[in-house]
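Everything below concerns the one structure shown next.
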Amino acid sequence: MATVKVTDSSFAQDVLQSSEPVVVDFWAEWCGPCRMIGPALEEISNEMAGKVKIAKLNVDENPQISSQLGIRSIPALMVFKDGKVVAQKVGAAPKGELSRWIQASA
Numbered sequence: 001m002a003t004v005k006v007t008d009s010s011f012a013q014d015v016l017q018s019s020e021p022v023v024v025d026f027w028a029e030w031c032g033p034c035r036m037i038g039p040a041l042e043e044i045s046n047e048m049a050g051k052v053k054i055a056k057l058n059v060d061e062n063p064q065i066s067s068q069l070g071i072r073s074i075p076a077l078m079v080f081k082d083g084k085v086v087a088q089k090v091g092a093a094p095k096g097e098l099s100r101w102i103q104a105s106a
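106 is the number that full-length UniProt numbering gives the last residue of the sequence shown; the numbers go up by one with no jumps.
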């Protein structure tokens, strides 16, 4: 399962009401480190399909949710379980580290 794109309007349904844990990647087109972790998140999404959902939210196109959650620097990753933030991580990291963090958090 590939990463899913979420927006301000779909966030509640896609993330907060999800039955499985959701990792949200807050990113932007112009952000180099964001583009660097994108392929790793795609691979992790496929490897962990059915266990966790990985979503991407473009902060430039969706300022409302980013602002509500206090996103100040990107890439920022947040793990949501039952509609609540249970873990967060800021900055790029290698795939192995991202995968371990997601498994430990979700």
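Glycine is no exception: its CB is placed at the ideal position from the N, C-alpha and C atoms.
Bear in mind the structure is a predicted one, so any value in this text is a computation, not a measurement.
- By DSSP's assignment, residue 51 forms no beta bridge with any residue.
- Of the residues 100, 82 and 96, the one whose Cα lies closest to the Cα of residue 12 is 82.
- Counting only the Cα atoms, residue 16 lies some 12 Å from residue 78.
- Per DSSP, the continuous beta strand (DSSP E) segment holding residue 88 begins and ends at 84 to 90.
- In this chain, the alpha helix (DSSP H) harbouring residue 101 covers 95 to 105.
- Contact between residue 53 and residue 18 holds, since their C-beta atoms are separated by about 6 Å, short of 8 Å.
- When 21, 27 and 104 are compared, the shortest CA-CA separation from residue 71 is found for 27.
- In summary, residue 60 is exposed, with fewer than 16 beta-carbon neighbours lying within 10 Å of its beta-carbon over all protein chains present.
- Counting other Cβ atoms within 10 Å of its Cβ, residue 104 stays below 16 and is therefore classed as exposed.
- Looking at the backbone, the Cα of residue 2 and that of residue 85 are separated by about 22 Å.
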